[in-house]
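Protein chains in written order, with my numbering: chain B, 1 to 176; chain S, 177 to 423. One structure is given below, encoded as structure tokens.
Here's what the structure looks like:
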């Protein structure tokens, strides 16, 4: 084996071991790496229901957003199309906050099952298009995933991130 | 093929031939890209005018990763085949990549405040890009930490290879974990997630940034080679002088 060959082998094996180590570490810490939990996680994983700060992410359910007259007190449902959770929040919401759009809320789960948020972040999806195109798509019925109309047609409505993957019709109201 | 460019003289001849072409392409592409990005392209249906930040943010994010991949490959070539020009190229690319990373982080933060409602979150994508920035700083610091330049080259090359494990983590962080950052738009399979009126300026900027990277690497590598040559000549003269006075 020449010296070059030996160095090549060392670099290759080193890279292989390093990637394995990184993969193991990342898998082990998966629960801490995720930025938010889905309403389904909250409903099914017992250790998430303890009294601690956590983030919940999903879609703001259509027609669930209620705003008090002070313009600061908000109340809405966050759904992953399987489970949903009621969120109460007092404060300023970001510009992109809309019904049918992704959202991440941070706060505590109360014993009655509602989530008291002290921070609300809008989650943007990966779609970029001019307003006219969005309207034309909706008119022609080719709209996939709807931030505006709220009628996802089941074909990966919210991009590659599945929020449970079921349509609105088949959802359960179990987190109520 | 690589052996042909291991020779600094041959490398310089090629670099000097490429440089004017790359420079004019940079000017044309970034010029056209900026014209479309800030004038001729439409506002987004959700983000409004804020979408224009993307035309700088996304290409610099790609370049931040591309520059690091370039450094890692150059370091591997330098370590395994001992090509002197490889380390020079890696060293030349490092501050450029670090700058692209800073641009990416800053523009992302400026976009995040109005859109997400926060300047910064510790989600997997943002954190892994910040780690990339520190890897760049570590690489630059380590390369310059030794009196013996060859030892610095070797140590920093190993660091570059170890840090390369971060690249797939950055790329796939948005698919592997829940993140606040949106998943990939341009490389999405199926229906394009970016409308062509926005995709064209984005790609113009991306190719323009790549050309800019080529130009800057050539200029910096040329300066580094000239610097080494001066040092070699100087130490040769000192040797000659001490030999003379000693005799």
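Beta carbons: idealized from backbone N, C-alpha and C, even for Gly. Treat the numbers as computed from the prediction; the structure is a model and nothing was measured.
{"query": "Between the C-alpha atoms of residue 348(S) and residue 183(S), what's the straight-line distance to the nearest angstrom?", "result": "37 Å"}
{"query": "Tell me whether residue 347(S), by its Cβ, gets closer than 7 Å to a heavy atom of the ligand NAD.", "result": "Ligands in the displayed structure: none, and consequently the ligand NAD is not present."}
{"query": "Could you check whether residue 307(S) and residue 19(B) sit closer than 8 Å to each other, using their CB atoms as the reference points?", "result": "no"}
{"query": "At least one CB of chain S closer than 8 Å to the CB of residue 42(B): is that the case?", "result": "no"}
{"query": "Around the Cβ of residue 264(S), are there at least 16 other Cβ atoms within 10 angstroms (buried) or fewer (exposed)?", "result": "buried"}
{"query": "Can you give me the C-alpha to C-alpha distance between residue 74(B) and residue 140(B), rounded to a whole angstrom?", "result": "34 Å"}
{"query": "Grab me the residues of residue 93(B)'s own chain with a C-beta within less than 7 Å of its C-beta, minus the 5 sequence neighbours each way, in chain order.", "result": "74, 120"}
{"query": "With three or more C-beta pairs closer than 8 Å as the rule, is the region 25-32 of chain B touching the region 270-280 of chain S?", "result": "no"}
{"query": "By Cβ distance, which residues of its chain are closer than 8 Å to residue 358(S), with the 5 residues on each side in sequence left out?", "result": "350"}
{"query": "Would you kindly work out how many angstroms separate the C-alpha atoms of residue 250(S) and residue 262(S), rounded to a whole number?", "result": "5 Å"}
{"query": "Quick check on residue 164(B): buried or exposed, where buried means 16 or more other Cβ atoms within 10 Å of its Cβ?", "result": "Caution applies to residue 164(B), whose pLDDT of 35 falls short of 50 and renders its modelled position unreliable; the value that the coordinates give is listed next. Buried: at least 16 other Cβ atoms inside 10 Å."}
{"query": "Within 8 Å of any Cβ in chain B, is that where the Cβ of residue 421(S) sits?", "result": "no"}
{"query": "If distances are taken between C-alpha atoms only, which option among 267(S), 318(S), 411(S) comes closest to residue 393(S)?", "result": "267(S)"}
{"query": "Does residue 135(B) come out as helix, strand or coil in the three-state DSSP assignment?", "result": "helix"}
{"query": "Report buried or exposed for residue 413(S), applying the criterion of at least 16 other Cβ atoms within 10 angstroms of its Cβ.", "result": "exposed"}
{"query": "So which of 101(B), 48(B), 33(B), 134(B) has the shortest CA-CA distance to residue 110(B)?", "result": "48(B)"}
{"query": "Have a look at residue 411(S) and residue 421(S) and give me their C-alpha separation to the nearest angstrom.", "result": "15 Å"}
{"query": "Can you check the region 247-311 of chain S for any alpha helix (DSSP H) of at least 4 residues that lies completely inside it and give the ranges in chain order?", "result": "260-291"}
{"query": "Beta-carbon within less than 7 Å of residue 287(S)'s beta-carbon, same chain only, minus the 5 sequence neighbours each way: which residues are those?", "result": "226, 229, 233"}
{"query": "Any beta carbon from chain B within less than 8 Å of residue 256(S)'s own beta carbon?", "result": "yes"}
{"query": "Taking the alpha-carbon positions, what's the residue 235(S) to residue 362(S) distance?", "result": "11 Å"}
{"query": "Please state whether DSSP places residue 369(S) in a helix, a strand or coil.", "result": "coil"}
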